[in-house]
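Note sheet for the following structure.
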Amino acid sequence: MTPAAARPSAWALRLRVASAVLFLPVLVLLARAGGFAFWAFVAVQVTLGLIEFYRMMRGIGLRPSRRLGIVAALGLLWVCWRPDTPHVGFLATFALLLVLALELRRPEAHRRVEDIAVTSFGVLYVGWLSAHLVLLRELPWRAGTAYAQGAAFVLLAFFLAWSCDSAAYLVGRLIGRTRPWARISPGKSLEGNVAGLAAAVAAAFIARRWFAPFLGVADAAALGVLVGLFAQVGDLVESLLKRDTAHGVSSDLIPGHGGVLDRFDSLYFAAPVVYYYLAIVVFRVP
Numbered sequence: 008m009t010p011a012a013a014r015p016s017a018w019a020l021r022l023r024v025a026s027a028v029l030f031l032p033v034l035v036l037l038a039r040a041g042g043f044a045f046w047a048f049v050a051v052q053v054t055l056g057l058i059e060f061y062r063m064m065r066g067i068g069l070r071p072s073r074r075l076g077i078v079a080a081l082g083l084l085w086v087c088w089r090p091d092t093p094h095v096g097f098l099a100t101f102a103l104l105l106v107l108a109l110e111l112r113r114p115e116a117h118r119r120v121e122d123i124a125v126t127s128f129g130v131l132y133v134g135w136l137s138a139h140l141v142l143l144r145e146l147p148w149r150a151g152t153a154y155a156q157g158a159a160f161v162l163l164a165f166f167l168a169w170s171c172d173s174a175a176y177l178v179g180r181l182i183g184r185t186r187p188w189a190r191i192s193p194g195k196s197l198e199g200n201v202a203g204l205a206a207a208v209a210a211a212f213i214a215r216r217w218f219a220p221f222l223g224v225a226d227a228a229a230l231g232v233l234v235g236l237f238a239q240v241g242d243l244v245e246s247l248l249k250r251d252t253a254h255g256v257s258s259d260l261i262p263g264h265g266g267v268l269d270r271f272d273s274l275y276f277a278a279p280v281v282y283y284y285l286a287i288v289v290f291r292v293p
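Heads up: the sequence shown is residues 8 to 293, going by the numbering used here.
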């Protein structure tokens with residue numbers, strides 16, 4: 008690929024920017040609202056993400072239980088939003104047994120163990136990792152801070168992850184030459200990785216001054232590095248899934264970005280990092 012061909016087209020960049028500009032105010036409003044509105048937003052993202060994931064798996068001959076996987080993932084989200092739900096352990100156990108029982112009912116002898124594994128992996132990968140967005144929004148209840156501050160926790164995860172994404176994409180496409188991940192994602196470059204890491208750290212310090220004063224200087228540096236690393240791991244994991252299933256993008260749902268998995272892959276890994284760092288290090292939640 009020539010350097011000119013590697014550069015993002017002006018149209019592609021405009022499309023990415025336009026999609027982000029349209030989505031940003033919606034995200035801010037939902038994060039500030041919290042409660043069921045934010046839960047519903049995450050639930051829609053999880054549902055669409057699982058539809059994409061299971062479609063990719065079906066493309067390589069597997070037959071995951073899509074409906075059951077979606078129901079199980081939404082159940083996880085509900086428990087994270089309403090941890091006072093009674094008999095959580097019973098519900099989780101019953102859901103697992105139900106997955107196994109439904110697989111036994113299939114008339115054809117198929118790759119049942121693989122189907123069960125893929126169904127469960129989708130619930131964990133898309134459902135459980137996304138559930139940390141709900142946990143972040145509800146963290147003020149456990150941290151003893153104002154409920155409104157949960158919006159800042161959520162926006163912090165998005166801001167760091169997508170700053171990392173954007174910098175890695177632009178720098179990698181414009182000047183990327185060293186490609187250590189060629190077998191997984193030929194478009195990813197070391198130059199882009201370094202830019203993404205630097206952007207995540209810079210974003211953490213910007214957030215500290217702008218809307219996240221609960222971060223100290225050391226916290227901003229540490230969280231920026233952690234998110235800068237894990238967000239890019241999340242991107243590579245989704246690239247690996249697409250490569251194994253021969254998909255260029257997970258879908259074309261979001262103009263300029265691809266599908267839900269393409270847009271949220273880095274956030275799946277960044278959200279847990281931000282949640283556990285804030286809960287354990289910053290607010291020392293018992």
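C-beta: ideal position from N, C-alpha, C; glycine also. As the structure is a computational prediction, the values presented were derived from the model and not from experiment.
Practice task
Give the single residue among V24, L140, A175 whose Cα lies nearest to the Cα of A278.
Solution key: Here residue 278 refers to the residue found at position 271 when the sequence shown is read from its first residue. With distances taken between CA atoms, A278 lies nearest to L140 out of V24, L140, A175.
Problem - Touching by the beta-carbon criterion (3+ pairs, under 8 Å), the stretch 139-159 and the stretch 35-48 - result: Contact holds: three or more Cβ-Cβ distances are below 8 Å.
Practice task
For the stretch 62-72 and the stretch 121-133, state whether three or more C-beta atom pairs, one from each stretch, are separated by less than 8 Å.
Solution key: Using a Cβ-Cβ distance cut-off of 8 Å, the stretch 62-72 and the stretch 121-133 are in contact, since at least three pairs of beta carbons, one from each stretch, lie closer than that value.
Practice task
Check whether the Cβ atoms of V33 and A79 lie closer than 8 Å to each other.
Solution key: Mapped onto the sequence shown, residue 33 falls at position 26. Mapped onto the sequence shown, residue 79 falls at position 72. Contact flag unset, no.
Handout entry: Under 8 Å between C-beta atoms of A174 and A206
Key = For the purposes of this step, residue 174 is identified with residue 167 of the sequence shown, where counting begins at 1. For the purposes of this step, residue 206 is identified with residue 199 of the sequence shown, where counting begins at 1. Between A174 and A206, the CB-CB gap stays under 8 Å.
Problem - contact_flag[the stretch 240-251, the stretch 265-276] where n(CB pairs < 8 Å) is 3 or more - result: Output reads yes: the stretch 265-276 touches the stretch 240-251.
Problem - Residue environment, G68, which counts as buried when at least 16 other CB atoms sit within 10 Å - result: The count along the sequence shown starts at 1 and reaches residue 68 at position 61. Classification of G68: exposed, given that the 10 Å Cβ count is below 16.
Practice task
Compute the Euclidean distance between the alpha carbons of V292 and V280, then round it to the nearest angstrom.
Solution key: Residue numbering aside, residue 292 sits at position 285 when the sequence shown is read from its first letter. Residue numbering aside, residue 280 sits at position 273 when the sequence shown is read from its first letter. Straight-line spacing of the CA atoms in V292 and V280 works out to 15 Å.
Problem - Spatial neighbours of M64 in its chain, beta-carbon cut-off 6 Å, leaving aside the 5 residues before and after - result: Stepping through the sequence shown from its first residue, residue 64 is reached at position 57. Cβ within range, chain order: P71, V125.
Problem - Boundaries (first-last residue) of the alpha helix (DSSP H) holding H139 - result: Taking the sequence shown and counting its residues from 1, the one referred to as residue 139 is at position 132. H139 -> alpha helix (DSSP H) spans 136-150.
Problem - Where K195 falls: helix, strand or coil (DSSP) - result: By one-based count along the sequence shown, residue 195 stands at place 188. Coil, per DSSP.
Exercise for the section: Using the Cα positions of Y176 and K195, report the straight-line distance between them to the nearest angstrom. Expected result: Locating residue 176 in the sequence shown gives position 169, counting from the first residue. Locating residue 195 in the sequence shown gives position 188, counting from the first residue. Answer to the nearest angstrom: the Cα atoms are 8 Å apart.
Exercise for the section: Could you pull the start and end residues of the alpha helix (DSSP H) that Y61 belongs to? Expected result: For the purposes of this step, residue 61 is taken as the residue at position 54 of the sequence shown. Note, Y61: alpha helix (DSSP H), 42-65.
Exercise for the section: Could you name the residues of the same chain whose beta carbon sits closer than 8 Å to that of A210, not counting the 5 residues immediately before and after it, in chain order? Expected result: As a first step, residue 210 must be located in the sequence shown, where it is residue number 203. Around A210: F166, L167, S170, C171, G231.
Problem - Outcome for G42 when other beta-carbon atoms lying within 10 angstroms are tallied against a minimum of 16 - result: Sequence index remark: in the sequence shown, residue 42 carries index 35 (1-based). G42 should be labelled exposed.
Practice task
Name the residue from A47, F101, A189, L136 whose alpha carbon lies nearest to the alpha carbon of A164.
Solution key: If you number the sequence shown from 1, residue 164 lands on position 157. By alpha-carbon distance to A164, the top candidate from A47, F101, A189, L136 is L136.
Practice task
Could you check what DSSP says for A219 in three-state terms: helix, strand or coil?
Solution key: For this step, residue 219 is matched to residue 212 along the sequence shown. Here A219 sits in coil by DSSP.
Problem - Through-space distance from A150 to A286, alpha-carbon basis - result: The sequence position of residue 286 within the sequence shown is 279, counting from 1. The sequence position of residue 150 within the sequence shown is 143, counting from 1. Each residue's CA atom was taken as its position, placing A286 and A150 some 7 Å apart.
Practice task
Let me know the secondary structure DSSP gives A189 once reduced to three states.
Solution key: Stepping through the sequence shown from its first residue, residue 189 is reached at position 182. It is coil, neither helix nor strand.
Handout entry: Length of the line joining the Cα atoms of L248 and V53
Key = Mapped onto the sequence shown, residue 248 falls at position 241. Mapped onto the sequence shown, residue 53 falls at position 46. For the pair L248 and V53, the Cα-to-Cα distance works out to about 17 Å.
Exercise for the section: Compare the C-alpha of N200 against each of V24, R62, L222, G179 and name the closest. Expected result: In the sequence shown, the residue the question calls residue 200 occupies position 193. N200 has its Cα closest to that of G179, out of V24, R62, L222, G179.
Practice task
List the whole-angstrom C-beta distance separating E198 from R184, where the pair is believed to meet the contact cut-off of C-beta under 8 Å.
Solution key: Along the sequence shown, read from residue 1 onward, the residue named residue 198 stands at position 191. Along the sequence shown, read from residue 1 onward, the residue named residue 184 stands at position 177. About 7 Å; that satisfies the 8 Å criterion.
Problem - Beta-carbon contacts of F218 that lie in its chain and below 6 Å, excluding the five residues immediately before and after - result: Sequence index remark: in the sequence shown, residue 218 carries index 211 (1-based). For F218, where only same-chain residues beyond five positions count, the Cβ hits under 6 Å are A159.
Problem - Delimiting residues of the alpha helix (DSSP H) encompassing G241 - result: Along the sequence shown, one-based indexing puts residue 241 at 234. Looking at the DSSP string, the run of the alpha helix (DSSP H) that includes G241 is 224-251.
Exercise for the section: Below 7 Å CB to CB, which residues in the same chain sit around F221 once its five sequence neighbours on both sides are set aside? Expected result: Within the sequence shown, residue 221 is the residue found at index 214, counting from 1. Excluding positions up to five away in sequence, the list reads V289.
Handout entry: Reduced DSSP secondary structure (H/G/I, E/B, other) of R112
Key = Against the sequence shown, residue 112 aligns to sequence position 105. Coil, per DSSP.
Exercise for the section: Can you tell me which of S127, L111, A138 puts its alpha carbon nearest to the alpha carbon of T100? Expected result: By 1-based counting over the sequence shown, the position of residue 100 is 93. Closest by alpha carbon: S127.
Exercise for the section: Go through its chain and collect everything with a Cβ distance to F237's Cβ below 7 Å, but skip five positions before and after it. Expected result: One-based indexing of the sequence shown puts residue 237 at position 230. Counting only Cβ-Cβ distances below 7 Å, and skipping sequence neighbours, we find F276, A277, V280.
Practice task
Count the other CB atoms, across all protein chains shown, that sit within 10 Å of the CB of Y282; report buried if there are 16 or more and exposed otherwise.
Solution key: To locate residue 282, count along the sequence shown from 1; it is residue 275. Around the beta carbon of Y282, 16 or more other beta carbons lie within 10 angstroms, which makes this residue buried.
Problem - Given V234 as reference, the closest of V208, V86, D251, T252 once Cα atoms are compared - result: Mapped onto the sequence shown, residue 234 falls at position 227. With distances taken between Cα atoms, V234 lies closest to V208.
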